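To start, the structure under review is shown below, and the notes come after it.
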Amino acid sequence: MRTMVNLAVIALITIVSGCTVTMAPPGQNSAAMMQPQVETKIETKAIPVVQRRSAIRSTGYAVISVQPSDVDAQQRLLAIRASKLDAYRGLTEQVYGQYLDASTTVADMAVLSDTFRTQVEGVIYGAKVVSIAPVGEDTYETTLSLDQDVVDDLRALYLASLASNRT
Numbered sequence: 002m003r004t005m006v007n008l009a010v011i012a013l014i015t016i017v018s019g020c021t022v023t024m025a026p027p028g029q030n031s032a033a034m035m036q037p038q039v040e041t042k043i044e045t046k047a048i049p050v051v052q053r054r055s056a057i058r059s060t061g062y063a064v065i066s067v068q069p070s071d072v073d074a075q076q077r078l079l080a081i082r083a084s085k086l087d088a089y090r091g092l093t094e095q096v097y098g099q100y101l102d103a104s105t106t107v108a109d110m111a112v113l114s115d116t117f118r119t120q121v122e123g124v125i126y127g128a129k130v131v132s133i134a135p136v137g138e139d140t141y142e143t144t145l146s147l148d149q150d151v152v153d154d155l156r157a158l159y160l161a162s163l164a165s166n167r168t
C-alpha cells in the first residue's frame, strides 16, 4: 500500500510539474494567449536623411488668352514660350535663391502698408525639356529638368564670382 501511495504521489508531481498556468491580462481572451506566436521580421534598408537628387525640376505655367496676338496659333506659341521662361525662373530660384526686399509700415498699432519685392538673377544652361502640355483649355505647362552636376557647377561658378567681387 505504501508503494502504491508513493507511485501516486510521484505520478501526481510529474503531471503537475509539467503544467504551467498562464494568466491572461485583463480584457484579453485566454484562448488568444494559447495561439502560437509568430514573429515576422521585415527587412528595411537604411534611408539617408538627406538624399542627393540626380536632377532638379521646375514647372512653369502661362495662360493662352492673355498673350498679345490676334492669331490663335501665335497665342499658343507665345504661351508655350512664356511657360518655358516661367520654368527657367523656377530653376534659377532653386540654384541661386531669391533676393527679397520687404517693407512694412505700422502706425497706431495697425499696418498701413506691407510691400515686398522679389528678384532672381542667374545663368542656367543644360536644362532639358521634360514636357510641354496644355492644361485645361487656356493654359500651357512646361516642365524642365537640370542635372545635379550642372547645378553644382553653376553654384561653384556663382560662389567664385562672389568671392572675386569681394577682393
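When we follow this note's numbering, the leftmost residue of the sequence shown carries the number 2, and every step to the right adds one. Where a beta carbon is used, it is the ideal one built from N, C-alpha and C, also for glycine. Values in this document were obtained by computation on a predicted structure and should not be read as measured data.
Rounded straight-line distance, which links the Cα of residue j to that of residue i
i: I81; j: Y141; result: 6 Å
i: L113; j: D154; result: 44 Å
i: V50; j: L101; result: Any answer about V50 is weak, because its pLDDT of 48 lies below 50 and its placement is not dependable; what the coordinates show is given next. Going from the Cα of V50 to the Cα of L101 covers about 29 Å.
i: S84; j: Y62; result: 4 Å
i: T106; j: Q99; result: 23 Å
i: V151; j: A164; result: 20 Å
i: Q149; j: V130; result: 15 Å
i: S162; j: R156; result: 10 Å
i: A134; j: L86; result: 15 Å
i: V72; j: I57; result: 35 Å
i: L78; j: A111; result: 46 Å
i: P69; j: D139; result: 14 Å
i: V64; j: R167; result: 42 Å
Start and end residues, beta strand (DSSP E) containing residue i
i: G61; result: A56 to V64
i: D139; result: Counting along the chain, D139 falls outside any beta strand (DSSP E), and DSSP gives it neither H nor E.
i: S114; result: A111 to Q120
i: V107; result: Y100 to A108
Range of the contiguous alpha helix (DSSP H) that encloses residue i
i: I81; result: D73 to Y97
i: A164; result: Q149 to R167
Sub-8 Å separation of residue i and residue j beta-carbons
i: Y97; j: G127; result: no
i: S59; j: Q95; result: yes
i: Q75; j: S66; result: no
i: L92; j: L145; result: yes
i: S104; j: T119; result: no
i: I125; j: L147; result: yes
i: R90; j: V136; result: no
i: T143; j: A88; result: yes
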